[in-house]
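Participant: Quick one: the structure is below, and I'll ask about it shortly.
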Amino acid sequence: MRPSFIATTLLVLASTAVATFDQACPLLYALVPNIHKDKCVCQLLLETKPLKDGCTAVVKKGLLGIPYCESTCPSHPQPSGHHGKPKRNQPILGPDGTLQRCPSAMTACPIDSPPALNGDRSTATISPNEPYECVIPSEDLYNCGGCSSTGQGVSCIDIPGVRGTSCTEGKCMIYTCMRGYTLSLNDKGEQKCVRKSPRRV
Numbered sequence: 001m002r003p004s005f006i007a008t009t010l011l012v013l014a015s016t017a018v019a020t021f022d023q024a025c026p027l028l029y030a031l032v033p034n035i036h037k038d039k040c041v042c043q044l045l046l047e048t049k050p051l052k053d054g055c056t057a058v059v060k061k062g063l064l065g066i067p068y069c070e071s072t073c074p075s076h077p078q079p080s081g082h083h084g085k086p087k088r089n090q091p092i093l094g095p096d097g098t099l100q101r102c103p104s105a106m107t108a109c110p111i112d113s114p115p116a117l118n119g120d121r122s123t124a125t126i127s128p129n130e131p132y133e134c135v136i137p138s139e140d141l142y143n144c145g146g147c148s149s150t151g152q153g154v155s156c157i158d159i160p161g162v163r164g165t166s167c168t169e170g171k172c173m174i175y176t177c178m179r180g181y182t183l184s185l186n187d188k189g190e191q192k193c194v195r196k197s198p199r200r201v
């Protein structure tokens with residue numbers, strides 16, 4: 001790669017202020033203010049493209065006066081039965097007309113541990129004013145198998161010694177452990193990272 005190309009690329013990136021990957025741009029293109037900071041464009045290295053049809057963007061100033069772009073795109077109606085990405089604290093109407101916190105395949109988990117967890121965590125409920133998020137416990141990395149904030153599930157990334165992990169069918173699958181740990185199975189057949197014992201001389 002030529003030094004002039006690298007210098008030009010760095011200059012372009014530095015002059016674009018804050019870049020964000022945005023729905024208004026094609027895949028891999030970042031939404032950035034143009035060189036004059038008066039219009040937003042979609043940019044990938046030195047190539048620019050216009051915004052997607054129907055999308056608009058305006059240049060705004062953030063902290064310290066650094067310009068950034070904010071876009072709006074038309075929302076497309078979802079097909080029947082599809083709820084799209086769930087939003088926190090936005091109850092929905094269930095099939096029987098009752099108010100539900102999350103779509104049927106999802107679970108409402110408190111974002112913070114409920115204050116009254118002195119007794120059994122598994123029976124903890126979410127109060128109406130408490131913030132929550134909708135998760136799929138069978139595949140959510142932070143609420144695998146259930147809500148980690150109530151103790152019904154676990155956060156796979158918080159397992160001691162874990163480096164690479166995922167949540168599959170409500171169980172944490174460990175792929176790699178941190179240095180000083182080794183992957184093994186416990187007596188229940190569950191994966192865990194065990195600290196290596198020091199070598200004896």
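In full-length UniProt numbering, the protein residues as written are 1 to 201.
Glycine included, each C-beta is placed from N, C-alpha and C at the ideal position.
1. Starting from Q43, follow its DSSP beta bridges and name the residues at the other end.
2. Could you work out which residue in L185, G180, L28, G54 is closest to L46 when comparing CA atoms only?
3. Cα separation between K52 and P131?
4. Which of the three DSSP states is assigned to L185 in this structure?
5. From P74 to I159, what does the alpha carbon distance come to, in whole angstroms?
6. Where does G164 fall in DSSP's three states?
7. Who are Q191's beta bridge partners in DSSP?
8. Are E133 and I111 close, meaning C-beta to C-beta below 9 angstroms?
9. May I ask you to list the residues that DSSP assigns as paired with K60?
Facilitator: With the given structure in hand:
1. By 1-based counting over the sequence shown, the position of residue 43 is 43. Answer is A30, T48, bridged to Q43.
2. One-based indexing of the sequence shown puts residue 46 at position 46. Closest in C-alpha terms to L46, from the list L185, G180, L28, G54, comes L28.
3. The count along the sequence shown starts at 1 and reaches residue 52 at position 52. The count along the sequence shown starts at 1 and reaches residue 131 at position 131. Taking the straight line joining both Cα atoms gives about 34 angstroms.
4. The residue labelled residue 185 in the question sits at position 185 within the sequence shown. It is a strand residue.
5. Walking along the sequence shown from the start, residue 74 turns up at place 74. Walking along the sequence shown from the start, residue 159 turns up at place 159. Each residue's Cα considered, the two are about 41 angstroms apart.
6. As a first step, residue 164 is located in the sequence shown; it is residue number 164 there, counting from the start. In the structure shown, G164 sits in a strand (DSSP, three-state: E or B).
7. Mapped onto the sequence shown, residue 191 falls at position 191. Beta-bridge analysis with DSSP links Q191 to L185.
8. What you label residue 133 is simply residue 133 of the sequence shown in a count that begins at 1. What you label residue 111 is simply residue 111 of the sequence shown in a count that begins at 1. Cβ distance < 9 angstroms, so E133 and I111 count as in contact.
9. Position 60 of the sequence shown, counted from the first residue, corresponds to residue 60. Answer by DSSP bridge pairing, in chain order: Y68.
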